[in-house]
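Have a look at the structure below, then the notes.
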Amino acid sequence: MKMKLFGTTTILAAAFGLPAMAQTPIKIGFISTFSGPQAAIGEDMRRSAELAKEHLGGKMGGRPFEIVYEDDTFKPDVGKQKSEKLVQQDKVNFVTGYIWSNVLLASLKAVTDEGDTILVSANAGPSQIAGQLCNKNFFSTSWNNDQTPMAMGEYLQKKGVKSLYLMAPNYAAGKDMMAGVKRTFKGEIKGEDYTKWPDQLDFSAELAKIRAAKPEGIFIFYPGAHGVQFLTQYVQSGLKGQVPLYQVFSIDAITLPQQKDLALGILGAQEWVNDLPNDANKKYVADFKKKHGVYPSFYGAQSYDAIMLIASAAEALKGDLANKDKVRAEMKKANFKSVRGDFKFGNNNFPIQNFYIQDTVKDASGMLTLKTVATAVTAAVDPYAANCPMK
Amino acid sequence: MDYLLLQVLNGVQLGLLMFLLAAGLTLTFGIMDLVNLAHGSLYMMGAYIAWTLIGWTDSFVLGAILALPAIFLLGVAVEAAVMRRLYARDHLDQVLATFGLILFFNELVRVIWGPGGKSIAVPAFLNRTVEILPGVPYPAYRFAIIVVGGAVAILLAWLVARTRVGMLIRAGASNRRMIGALGVNIELLFSLVFGLGAVFAGLAGLMAAPITSVKIGMGDDILILAFVIIVIGGIGSIKGAFIAAMVVGQIDIVGRAFLPDLLKTFMSNAAASTAAPAISQVLVYVVMAGVLVWRPTGLFGQRT
């Protein structure tokens, strides 16, 4: 019976001249953190990827597609294992996701080299991959780590802030963030602290140092749950109202429900804000809010864009992904409606895009959200692009 | 000067939390001769149980107070179900079994509370600063930790030094067989000691929760430090655990607060910022090694 059915299908397929791949779904692996205190980020990314799937009608270039989610448990070694599993066992066509720079750095080769699979980072943007380690199989729908703090530094420089105290966790992204802000902020650096990552959540010693150093501002990078803890302790220490806080990736739609009013009036930089006035973004934010009752975060927006970028290549090639060179060439065009507005890829496959300054405000219904208050830089190219041997 | 005072207080606060965790560990290790790797799980359970009870009662203080007997019962239950079978075994079996308990508790939390982690808000009346000296503000919640931790340390010192139970505990630490031979109900004493250790660990967990958030495996990271403390202090000695916890608390703060600046005097800025966190992480182990060379049984350990 089974044989007969199989035979019939084969004959049918042959009769209608359908290439076999038209039925096989395109597979996209998705690595993120779905457990532990940072799981809320992974959930936001998953929701956005699923929304992209819904908006695409579950199809890319005429082929159905599926997304296989894997939990990196916030650990580089686990992220690498899961990436290998996606490439070797699930035989995915693309791998996307990746919140953490250290997880991405550990996983890069397992995806791009061994499998010749295309990796689209939906968040992490370590300087190494923007520069020397740049790879034809790597694309980013986010940024290089240095860029967002560079935008913040530029803004503070223009604003006339004379001195800063810098704090970030001691891992790949933290180092890039510190380097980034120092590229554009030329005032005095009163001090800088790297804290243990990810286990240090108590910042009492550092906050006491800041009090003694008396800077004109504090610049921090504390993503996710760490941002919540930092902000709470900053307020408890009594520094709010004395030394203003400026941040990157430490206040977003995911952390706001826990940070609440403490976050009001604290400026940050970002390449995407939920109120950017383009049609793709309006649709994304409105549908996300209708479905989940909350605003999406930039992690989600970048994940949505990652799926849309992959879809644009599949559409252009009518679902035929066999020729990797063609797939890469189509990806490189970035021919899709990004929720941040149109952007081009640089030689290192990182976006050339604008960065905005955002503030925390309350919307009409009293819900906390982020609002664009200024454009910090336009069409910014990351500082490592020149080190990338790709043209 | 103000700055120094703030940092010393930060160290004291950290040290007191570590002491609460280490006290239970040193008692079970010293008296029951039990290596309990799952002690950190009790710290985690304390935080999760408190999170639930605080949600029910809508009050941090009430939830925290109700959590303590719950953790005591949990400790007694774990002792009766698992630990009791391990006393006669050697340390390797105990390590294996209690490591299994860590996995069990982590999975249990995942089933009951989900994988996402929780946060406990600082109670409103402590969400401000207190002036410890004129013009020197200190977070009220951290000050409360110092007060509660200090009070518990004094209570424990009184319990061990002045009460009959304390006498039995001290006797148990010196010679467990002998007090059994003298007709003391060892089983009951062990249950009680283990339950008490669980309460202290749980209290540390729930007090740390508003600072560090409640998550799976939160006790595993801090357990290593607790072992370092009991080794420095001398196994079985409450006094040793207290002093060692204070030392470790101060070392951690010194490593974070003063070491980077010290390194910058003879290294480049970038090198110092990279080296300082690494060095401060190993500093306590260096101190432990030093203490062990000087006094192989720890500061207040039994001479054998």
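Protein sequences appear in the order of chains C and A.
In the numbering used here, each residue carries its 1-based index in the first sequence increased by 31.
In the numbering used here, each residue carries its 1-based index in the second sequence increased by 332.
Think of the CB as a built atom: it goes at the ideal place given N, C-alpha and C, for glycine as much as any other residue.
Residue i classed as buried or exposed, judged by whether at least 16 other C-beta atoms fall within 10 angstroms
i, result
"V408 (chain C)", "buried"
"D292 (chain C)", "exposed"
"D394 (chain C)", "exposed"
"A294 (chain C)", "buried"
"P401 (chain A)", "exposed"
"K547 (chain A)", "buried"
"W652 (chain A)", "Residue 652 (chain A) is absent from the model: chain A starts at 333 and stops at 636."
"N366 (chain C)", "exposed"
"G146 (chain C)", "buried"
"R474 (chain A)", "buried"
"K422 (chain C)", "exposed"
"P542 (chain A)", "buried"
"L488 (chain A)", "buried"
"Q163 (chain C)", "exposed"
"N168 (chain C)", "buried"
"P609 (chain A)", "buried"
"M364 (chain A)", "buried"
"N354 (chain C)", "exposed"
Within chain A, partners of residue i - CB distance below 8 Å
i, result
"Q260 (chain C)", "I543, T544, S545"
"Q289 (chain C)", "S451"
"Y225 (chain C)", "S605, T606, A608, P609"
"Y233 (chain C)", "The sequence shown places Asp at residue 233 (chain C), rather than the Tyr named in the question. Under the 8 Å cutoff, chain A gives L346, I543, T544."
8 Å CB neighbourhood of residue i in its chain, flanking five on each side removed
i, result
"Y335 (chain C)", "S79, A80, L82, A83, Y315, P327, V370"
"G89 (chain C)", "P95, F96"
"V99 (chain C)", "K58, I59, G60, F61, L117, D121, V123"
"H323 (chain C)", "R78"
"G38 (chain C)", "Low confidence applies to G38 (chain C): its pLDDT is 49, below 50, so where it sits in the model is not reliable, and the reading given next is rough at best. Answer for G38 (chain C): no residue qualifies."
"V427 (chain A)", "V367, L369"
9 Å Cβ cut-off: residues of chain A touching residue i
i, result
"E115 (chain C)", "Here the premise fails: no neighbours, minimum Cβ distance about 22 Å."
"A256 (chain C)", "G449, S451, S545, K547"
"A70 (chain C)", "G446, P447, G448, G449"
Contact list for residue i against chain C, beta-carbon separation under 7 Å
i, result
"A582 (chain A)", "Residue identity differs from the one stated: residue 582 (chain A) is Gln in this sequence, not Ala. The contacting residues do not exist; Q582 (chain A) stays about 11 Å from chain C at best."
"I585 (chain A)", "A236"
"S373 (chain A)", "None at all; the shortest Cβ gap to chain C is about 16 Å."
"N342 (chain A)", "S235, A236, A239"
"Q634 (chain A)", "Result: empty, since nearest Cβ-Cβ is about 33 Å, beyond 7 Å."
Contact set between residue i and chain C, taken where Cβ atoms lie within less than 8 Å
i, result
"Y473 (chain A)", "Q267"
"D553 (chain A)", "D230"
Close beta carbons around residue i, own chain, < 6 Å, minus the five adjacent residues each side
i, result
"M578 (chain A)", "G347"
"P229 (chain C)", "none"
"Y253 (chain C)", "F261, S281"
"V358 (chain C)", "A344, L352"
"T544 (chain A)", "none"
"G362 (chain A)", "A505, I567, G568"
Contact list for residue i against chain A, beta-carbon separation under 7 Å
i, result
"S66 (chain C)", "P447"
"K240 (chain C)", "A589"
"S243 (chain C)", "Per the sequence shown, the amino acid found at residue 243 (chain C) is Ala instead of Ser. Result: Y335."
Cβ-based neighbour list, residue i, same chain, cut-off 7 Å, excluding 5 preceding and 5 following
i, result
"P246 (chain C)", "S194, L195, Y196, K221, V274"
"A337 (chain C)", "T127, V151, A153, T172"
"G110 (chain C)", "I62, D103, V134, A137, S138"
"A210 (chain C)", "D177"
"I297 (chain C)", "L276, Q278, I282, T391"
"V516 (chain A)", "L500"
"F429 (chain C)", "Because chain C here runs from 32 to 422, residue 429 (chain C) falls outside it and cannot be looked at."
Cross-chain neighbours of residue i in chain C, by beta carbon under 9 Å
i, result
"Q613 (chain A)", "K227"
Below-7 Å beta-carbon distance, residue i vs any chain D residue
i, result
"Q426 (chain A)", "Among the chains of the structure shown, chain D does not appear; the protein chains present are C and A."
- chain C contacts made by the stretch 403–424 of chain A, where a contact means CB separation under 7 Å: none
- Could you tell me whether the stretch 308–327 of chain C touches the stretch 122–132 of chain C, where touching means 3 or more Cβ pairs closer than 8 Å? no
- Stretch-stretch touch, CB-based, cutoff 8 Å, three pairs: the stretch 399–415 of chain C with the stretch 179–192 of chain C: yes
- Query: Do the stretch 381–399 of chain C and the stretch 349–358 of chain C touch if we need at least three Cβ pairs shorter than 8 Å?
  - Reply: no
- chain C contacts from the stretch 355–368 of chain A (Cβ-Cβ distance under 9 Å): none
- Task: Specify whether the stretch 341–355 of chain A and the stretch 556–568 of chain A touch according to this definition: at least 3 beta carbon pairs, one from each stretch, less than 8 Å apart.
- Result: yes
- Message: Which residues of the stretch 453–465 of chain A have a Cβ closer than 8 Å to any Cβ of chain C? Give them in chain order.
- Response: V454, N459, R460, T461
- Message: Within 8 Å, do at least three Cβ pairs link the stretch 446–454 of chain A to the stretch 535–551 of chain A?
- Response: yes
- the stretch 257–271 of chain C contacting the stretch 604–623 of chain A, beta-carbon criterion three pairs below 8 Å: no
- Short-range partners of chain A found in the stretch 175–201 of chain C, where Cβ spacing is below 9 Å: N201
- Identify each residue in the stretch 97–128 of chain C for which the Cβ-Cβ distance to at least one residue of chain A is less than 8 Å, and report them in chain order. none
- Message: Three Cβ pairs or more, each shorter than 8 Å: is that satisfied between the stretch 533–543 of chain A and the stretch 364–379 of chain A?
- Response: yes
- Does the stretch 406–426 of chain A come close enough to the stretch 522–530 of chain A that 3 or more CB-CB pairs lie under 8 Å? yes
- Item | Inter-stretch contact at 8 Å, needing at least 3 Cβ pairs: the stretch 364–374 of chain A / the stretch 387–397 of chain A | no
- Task: Assess, as a yes-or-no matter, whether the stretch 623–636 of chain A is touched by the stretch 569–578 of chain A under the definition of 3 or more beta carbon pairs within less than 8 Å.
- Result: yes
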